[in-house]
Every structure is written in C-alpha cells, then in structure tokens.
Amino acid sequence: MDNVSLVRQMSIADLFDVDSYSHPFSGFNYREAAPPAEITSFQRQVAKRHFGVHGYFTKQVWSVVQAYINAFTQPGDVILDPFGGSGVTAIEALMLGRRAIHVDLNPLSQFIVQTLLTPVDFKSLEQQFNAVMQAFAVERPRSDEDIQRILAHYDYPRGIRLPRNADVETIEQLFTPKQLAELALLKHLIGQCQETAVRQHLLLMFSGLLNKINRTYHASAGRSEGRGDSAMFRYYRYRIAHSSPELEITTVFQSRFKKVLAAKMELLPITGVGASAAQSILQGSATDLYPIRDESVDYIYTDPPYGSKIPYLDLSIMWNTWLGLHVSKDNRAEEAIEGGENKKTKADYFRILAASIEEMYRVLKYDCWLSFVFAHSDPSYWHMIVVTAEKAGFEYVSVTRQNNGQHSFKKRQNPFSVLSGQLILNFRKVHNPKRRKSYTGNIDAQTVIMATTEAVIERHNGATVEQINDALVIQGLELDMLNVLSQHYDDLTPLLRKHFDCGCDGRWYLRGDKPQIGQKGSVSIVSKTPISWG
Ligand SMILES: C[S@@+](CC[C@H](N)C(=O)[O-])C[C@H]1O[C@@H](n2cnc3c(N)ncnc32)[C@H](O)[C@@H]1O
Numbered sequence: 003m004d005n006v007s008l009v010r011q012m013s014i015a016d017l018f019d020v021d022s023y024s025h026p027f028s029g030f031n032y033r034e035a036a037p038p039a040e041i042t043s044f045q046r047q048v049a050k051r052h053f054g055v056h057g058y059f060t061k062q063v064w065s066v067v068q069a070y071i072n073a074f075t076q077p078g079d080v081i082l083d084p085f086g087g088s089g090v091t092a093i094e095a096l097m098l099g100r101r102a103i104h105v106d107l108n109p110l111s112q113f114i115v116q117t118l119l120t121p122v123d124f125k126s127l128e129q130q131f132n133a134v135m136q137a138f139a140v141e142r143p144r145s146d147e148d149i150q151r152i153l154a155h156y157d158y159p160r161g162i163r164l165p166r167n168a169d170v171e172t173i174e175q176l177f178t179p180k181q182l183a184e185l186a187l188l189k190h191l192i193g194q195c196q197e198t199a200v201r202q203h204l205l206l207m208f209s210g211l212l213n214k215i216n217r218t219y220h221a222s223a224g225r226s227e228g229r230g231d232s233a234m235f236r237y238y239r240y241r242i243a244h245s246s247p248e249l250e251i252t253t254v255f256q257s258r259f260k261k262v263l264a265a266k267m268e269l270l271p272i273t274g275v276g277a278s279a280a281q282s283i284l285q286g287s288a289t290d291l292y293p294i295r296d297e298s299v300d301y302i303y304t305d306p307p308y309g310s311k312i313p314y315l316d317l318s319i320m321w322n323t324w325l326g327l328h329v330s331k332d333n334r335a336e337e338a339i340e341g342g343e344n345k346k347t348k349a350d351y352f353r354i355l356a357a358s359i360e361e362m363y364r365v366l367k368y369d370c371w372l373s374f375v376f377a378h379s380d381p382s383y384w385h386m387i388v389v390t391a392e393k394a395g396f397e398y399v400s401v402t403r404q405n406n407g408q409h410s411f412k413k414r415q416n417p418f419s420v421l422s423g424q425l426i427l428n429f430r431k432v433h434n435p436k437r438r439k440s441y442t443g444n445i446d447a448q449t450v451i452m453a454t455t456e457a458v459i460e461r462h463n464g465a466t467v468e469q470i471n472d473a474l475v476i477q478g479l480e481l482d483m484l485n486v487l488s489q490h491y492d493d494l495t496p497l498l499r500k501h502f503d504c505g506c507d508g509r510w511y512l513r514g515d516k517p518q519i520g521q522k523g524s525v526s527i528v529s530k531t532p533i534s535w536g
C-alpha cells in the first residue's frame, strides 16, 4: 500500500486553522460531561438538510448526534468525524455553532457534504435549473434513433465493471437505453452551466436522482411508484428489480431541485451571507489523519462501517463514476470493511479500525471525549474495539443503547442479521486512564449468556435479538468477558434457536411461552417453563 499518496489525498491547506478561534464561553467542564441517555423519539424527516437530499447507505439520526455534541462540547469547539458518510456529524456540529472536520474515504461522501455546505445564489440556481429543464425538453430522446444519437454524442460510464455479486456486469447495463440516453443528456446540459457552485448543486440533484433512475429501483409496496430506493440502499447489492417502474426523469429532477433547495434554506445560518462556519471536508482515510495536528480536536463522534455489512466503495461505484470521482487503489486498500471486491479478512478490518482509533487518540485533546457508534452480533468485534481503544490510551467510560430508527424494510428482509439498534461507546482521553476490572476466569460464560438472555426476555416480556445482543455486549463489557463470550458464539441466532422460542412477533421467549399466531401485539405469557442449560 502506498501510504505517501494516501497522505496526499488530504491536504493541510484544506484544513481550517484550528487555533484561530477562541471559545466564546469558558468554564465548560469536559471532564464532568456525561453522555445523554437513550433518545427514544426522533423525527428523522423534519431535518430537510439530511432527509431527501441524497441517499447514503446509513445515516445517523441527526437529533441523536445533536444531543451528543451538546453533551460533550461548547460552541466554537472542533468536532471530528473520521468516518463521516453523509455528513450528519459535520452538519449538525456547524448548526450548533461548532467547527467541523469531516473525513471519509468515499469521494461521493465529500461531494455530497461539500456541496451542501457551499454557498449558492438561489436565484441563479433556479434560473439554471429552468434552463437545463427547457433544453432537456427540446433535446430529449423520442425514438430509438434519438437514443442512439444521444448515446453516440454524449458521455456516460462505459465498460466500468460492477462488483462480482451484481446482477449485471457493467454500469451502463444498470439502465435501459432510454434511461442511459436521458441521463447522458441531462449530465451534459448541467456541464454547460458556467457558475461552479450552481453546476455543483445541479450535479448533486443529478446524483440524487440516480437512485431512482436505474433498473435496480424498487418501488415500495403500497406506496406511490416514486417512493422507493435502488437495490444498493435496500439490499446492499446491484440487484436488478423484477419489475421496476420507469419514472419520468424530469419529475424526479424537479423533486430533487425542491429537496436540495429546502436543505439549503435550512443551512442558510451556516452557508448564507455573514455566516462564519469553519469546516474542512476531506477525502482520505481515518487511518492517517495527517492534516490534523496532535491534540487539536475537542470531540469525536463517529460511526465506522460494521464489518462486512456494507461495502461502501463497491456500492458507490455507480455514483462516483457518473460524477467523474476517482477511487484509487489505495482508497480500496484502506477501506474498513470485510469482504467486498478486495476480499478483505476480519484481520484486515481489525487492523484498519485499530489504526483509525490510534489516530483518533492522537488528534483528540486531553479530557475530551470520543463517542464510537457500533453494532455487531459477534462479541469479538466489541472486544477488539475496547481493547484497541484502551491500548491507544483511552479510558472506557460508558455504553448507551441507541435505537437508530432502522428502516423497517431492511429489518423485515433479514430479521436476524439486521440490527435495528446500535450501542454508543464513550471513551475519554485522560492522563491516567482507569482500567476496567479484568476477567478473573471464575465466571462461566455459558451461565452469563443464558442468565442475561433470560433476564432480558423476562424484563421485556419477550425480547428482540437486538435487546438480547445489546444486553450481552454490555454485560461482556462490564465483566471484561467479551473475548470469552466470543468463544461461545459469533452469531446469536443458532444459540437462541437452540434454547428459546421465536414468537410470531419476531421476539424471543422462554421455551413454551411464545405467543401464538393472532396474539400479535397482545403478548401475554401464560406458562413459565424452566430453561434447560445444556
Ligand atoms: C457507517 S458509514 C458513516 C455514516 C455516517 N455516520 C452518516 O450519518 O452518514 C461509514 C463510512 O465510513 C467510510 N469509510 C470506510 N473506510 C474508511 C476509512 N478507512 N477512512 C475513512 N472513511 C472510511 C465509508 O465510506 C462510509 O461512508
């Protein structure tokens, strides 16, 4: 891996001067700051700056991120997210009067966030949008000959291979000839726009509509045909839909325009005239935060990839290619995932995540906090994170369960492996970190697993796999037994199937206690059968 060229992707010149601001308020006690309790009600769609602008594979809930920023920082502080994704952390930090450093390996991420934060003249944007729409109406393909003519004249992704598990081989096969010609024409017309910021915003709308104008687009059952997503966001794979409605591209473009405009209106306090937001939106690896100086960051909130679930770079190839954004070999080498086209191992994933945790430690100031969002059903992943963080010098302080409002569709597709919850681990960088008490070897792991599961089921009158998983991870953290637990299971499902019953409501019950069909929603436990511990 060529580390030097990786380092050069992020430039110190792109980083604002972290020392040029002073805190407007003094007296904030970082040491005494406390993480918020679980946030149970949230309105994702209220924030137009995140909802509907551009799809991304996973998004943190903006109000949860706000609560953490408020708990751990004061206005003026520098907040870093080294796995920034769609930019929820950076944008919320700026909205709350903090400064933000956003880092992500995926050029698509940098493009989305940078565009959202770039000031633009609304009048020019509207004029140019209308001009593009008019030119499109004149030139749009109306026959097969038109389609061939446009495809011969205008640029579109040619011969770029998709990941091996895609249903088709190349990007252009993701589109019908008509879709391809219309997209090529629209992209060409946007390219004619002379004003850089306006062109960038029109491209954001174009990129956003790609989600709906392709053959993997799945309309949501029971909703209007425009309410759906491409397979990359639903199934994390380029899966051609059995019957995909061909949406009218100008309607989707119009809707993108409205949504981007609504987002920009909300963002006016940090992008409008006189706004003094300080932000650095960088493309690069969390494993080498080269431009960021030692001890210069006041808080880190981050949500890295959870192992093998989502190969971000593979799945973003359609967007990155249309936008002309380059993903280097080094980017791929540094991506924190398992599997994917590079067939990365669990050891690769651990190495990359460990290097990023060490970097987070380096750039964070003393007495400041790191909130690390994670979800996994295998305790060995949790063990790796906590041990690496402690080795880097962090003090583990607490863990909070946090529902992430996971799309119920994904949950229905894969009820056992999709975790709708996540845990937020809170660490502190202090001079003399306290260590958790170490596992003494006299607690039996099987007993802990069974007793914890049983207790959660009893407490909730039937428990979801997430509730059980979270309770086991929390217990494993407290007793320093994550490593020991990982020798007993890496996936809870077989264990649950062996010792417990799954009810018609998808929850787990003590043997013989599960509700029958028809009892959904009104669960009452009649009998309590003793558990066999075999
Ligand atoms: C779970 S997502 C973050 C989502 C984000 N919290 C949000 O609200 O949109 C993880 C991100 O990590 C990025 N990533 C993977 N490996 C990386 C690395 N080595 N350095 C920086 N970013 C990386 C992926 O591109 C992806 O955007």
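To get our numbering, take the position in the sequence shown, counting from 1, and add 2.
Idealized CB from N, CA, C, for every residue including glycine.
Everything numeric in this text was worked out from a predicted model, so none of it was measured.
Please classify residue 440 as buried or exposed, where buried requires at least 16 other C-beta atoms within 10 Å of its C-beta.
In the sequence shown, the residue the question calls residue 440 occupies position 438. It is exposed - the Cβ of residue 440 has fewer than 16 other Cβ atoms within 10 Å.
Can you give the Cα-Cα distance for residue 402 and residue 158, rounded to whole angstroms?
Sequence index remark: in the sequence shown, residue 402 carries index 400 (1-based). Sequence index remark: in the sequence shown, residue 158 carries index 156 (1-based). Going by the C-alpha atoms only, they are around 46 angstroms apart.
Alpha carbon to alpha carbon, what distance is there between residue 220 and residue 459?
Start at 1 with the first residue of the sequence shown, and residue 459 comes out as number 457. Start at 1 with the first residue of the sequence shown, and residue 220 comes out as number 218. Near 36 angstroms, if we compare the C-alpha coordinates of residue 220 and residue 459.
Would you mind sorting residue 48 into buried or exposed? The rule is 16 or more other CB atoms within 10 Å of its CB.
Taking the sequence shown and counting its residues from 1, one reaches residue 48 at position 46. Label assigned to residue 48: exposed.
Between residue 164 and residue 240, is the Cβ-Cβ spacing less than 7 angstroms?
In the sequence shown, the residue the question calls residue 164 occupies position 162. In the sequence shown, the residue the question calls residue 240 occupies position 238. A contact, by the Cβ cut-off of 7 angstroms.
Could you tell me which of 81, 228, 513 sits nearest to residue 211, measuring between CA atoms?
The residue given as residue 211 occupies position 209 in the sequence shown. Measuring from the Cα of residue 211, the nearest candidate turns out to be 228.
Since residue 323 and residue 470 are thought to touch, with beta carbons under 8 angstroms apart, how far apart are those beta carbons, to the nearest angstrom?
Mapped onto the sequence shown, residue 323 falls at position 321. Mapped onto the sequence shown, residue 470 falls at position 468. Rounded, the Cβ-Cβ distance is 41 angstroms, inconsistent with contact.
So, does the region 323-338 touch the region 389-404, judging by three or more C-beta pairs under 8 angstroms?
Segments in contact, no.
Taking C-alpha atoms, which residue in 443, 377, 510, 142 lies nearest to residue 466?
What you label residue 466 is simply residue 464 of the sequence shown in a count that begins at 1. Residue 510 is the option with its Cα nearest to residue 466.
Excluding sequence positions up to five away, which residues of its chain have a Cβ less than 6 angstroms from the Cβ of residue 455?
Mapped onto the sequence shown, residue 455 falls at position 453. Answer for residue 455: 470, listed in chain order.
I'd like to know whether the C-beta atoms of residue 130 and residue 195 end up nearer to each other than 7 angstroms.
Taking the sequence shown and counting its residues from 1, the one referred to as residue 130 is at position 128. Taking the sequence shown and counting its residues from 1, the one referred to as residue 195 is at position 193. The answer is yes: Cβ separation under 7 angstroms.
What residue range is occupied by the uninterrupted beta strand (DSSP E) comprising residue 252?
Taking the first residue of the sequence shown as position 1, residue 252 is located at position 250. Run containing residue 252: none in the beta strand (DSSP E); it sits in the alpha helix (DSSP H), 251-268.
Would the C-beta of residue 58 count as close to ligand 1, meaning under 6 angstroms from any of its heavy atoms?
Residue 58 sits at position 56 when you count from the first residue of the sequence shown. The answer is yes for residue 58.
Report all residues from its chain with a CB closer than 6 angstroms to the CB of residue 274; omit the five preceding and five following residues, and keep chain order.
Translated into the one-based positions of the sequence shown, residue 274 becomes position 272. Within the same chain, residue 274 has no close Cβ partners at all.
I'd like the list of long-range same chain contacts for residue 188, defined as Cβ closer than 8 angstroms, with 5 residues on each side in sequence excluded.
Numbered from 1 along the sequence shown, position 186 holds the residue referred to as residue 188. If we look at residue 188 and ignore the five residues flanking it on each side, its Cβ neighbours are 134, 138, 208, 251, 255.
One question on the structure: do residue 282 and residue 382 come within less than 7 angstroms of each other, judged by their Cβ atoms?
Taking the first residue of the sequence shown as position 1, residue 282 is located at position 280. Taking the first residue of the sequence shown as position 1, residue 382 is located at position 380. Against a cut-off of 7 angstroms, the Cβ pair of residue 382 and residue 282 comes out as no contact.
So residue 483 packs on residue 457, CB below 8 angstroms; how close in whole Å?
As a working note, residue 483 is residue 481 in the sequence shown. As a working note, residue 457 is residue 455 in the sequence shown. Rounded, the Cβ-Cβ distance is 16 angstroms, inconsistent with contact.
Any chance the CB of residue 95 is under 6 angstroms from a heavy atom of ligand 2?
For the structure depicted, ligand 2 is absent and the ligand set comprises only ligand 1.
Measuring only from the beta carbon, is residue 90 closer than 6 angstroms to any heavy atom that is part of ligand 1?
In the sequence shown, the residue the question calls residue 90 occupies position 88. Yes, the Cβ of residue 90 comes within 6 angstroms of a heavy atom of ligand 1.
Could you spell out where the beta strand (DSSP E) holding residue 367 opens and where it closes?
Stepping through the sequence shown from its first residue, residue 367 is reached at position 365. Residues 366-376.
Please list, in chain order, all residues of the same chain as residue 294 whose beta carbon is under 6 angstroms from its beta carbon, the five residues on each side excluded.
Counting from one through the sequence shown, the residue named residue 294 turns up at place 292. Correct list, in chain order: 365.
Cα-Cα, which of 280, 123, 288 is closest to residue 202?
Here residue 202 is taken as the residue at index 200 of the sequence shown, counted from 1. Nearest option by C-alpha distance: 123.
Using CA coordinates, which residue listed in 147, 39, 14 is at the minimum distance from residue 183?
In the sequence shown, the residue the question calls residue 183 occupies position 181. When only C-alpha atoms are compared, the closest one is 147.
So, residue 18 versus residue 280, is the Cβ gap smaller than 7 angstroms?
On the sequence shown, position 16 is the one that residue 18 refers to. On the sequence shown, position 278 is the one that residue 280 refers to. Yes, the pair counts as a contact, with Cβ atoms nearer than the cut-off.
Flag this pair as yes or no: are the beta carbons of residue 40 and residue 404 separated by less than 7 angstroms?
Position 38 of the sequence shown, counting from 1, holds the residue named residue 40. Position 402 of the sequence shown, counting from 1, holds the residue named residue 404. Yes, these two residues count as a Cβ contact at 7 angstroms.
Would you say residue 70 and residue 370 are within 7 angstroms of each other, going by their C-beta atoms?
Counted from its first residue, the sequence shown places residue 70 at position 68. Counted from its first residue, the sequence shown places residue 370 at position 368. No, these two residues do not count as a Cβ contact at 7 angstroms.
Inspect the beta-carbon positions of residue 105 and residue 286 and report whether they are closer than 7 angstroms.
Position 103 of the sequence shown holds residue 105. Position 284 of the sequence shown holds residue 286. Contact flag set, yes.
Considering residue 281, what are the terminal residues of the alpha helix (DSSP H) in which it resides?
Walking along the sequence shown from the start, residue 281 turns up at place 279. No alpha helix (DSSP H) contains residue 281, which is instead part of the beta strand (DSSP E) from 281-285.
Do the region 336-349 and the region 45-59 make contact, defined as three or more Cβ pairs closer than 8 angstroms?
Cβ pair count under 8 angstroms is below three, so no.
Taking 8 angstroms as the limit between beta carbons, can you name the residues of its chain near residue 85, skipping five residues before and five after?
Counted from its first residue, the sequence shown places residue 85 at position 83. Here the set comprises 105, 106, 288, 304, 305, 306, 307, 338, 358.
Does ligand 1 have even one heavy atom less than 6 angstroms from the beta-carbon of residue 107?
Here residue 107 is taken as the residue at index 105 of the sequence shown, counted from 1. Flag set: Cβ of residue 107 near ligand 1.
With H, G and I counted as helix, E and B as strand and the rest as coil, what does DSSP make of residue 512?
For this step, residue 512 is matched to residue 510 along the sequence shown. Coil, per DSSP.
From the DSSP output, which residues share a beta bridge with residue 397?
Numbered from 1 along the sequence shown, position 395 holds the residue referred to as residue 397. Paired residue(s): 430.
Can you give me the Cβ contacts of residue 312 inside the same chain, cut-off strictly under 8 angstroms, excluding the 5 residues immediately before and after it?
As a working note, residue 312 is residue 310 in the sequence shown. These residues qualify, in order along the chain: 59, 60, 238, 339.
Exposed or buried, what is residue 150 when buried is set at 16 or more other beta-carbons lying within 10 Å of its beta-carbon?
Position 148 of the sequence shown, counting from 1, holds the residue named residue 150. Exposed is the call here.
Name the residue from 343, 310, 315, 438 whose alpha carbon lies nearest to the alpha carbon of residue 376.
For the purposes of this step, residue 376 is taken as residue 374 along the sequence shown, with counting starting at 1. Comparing Cα-Cα distances from residue 376 to each of 343, 310, 315, 438, the minimum goes to 310.
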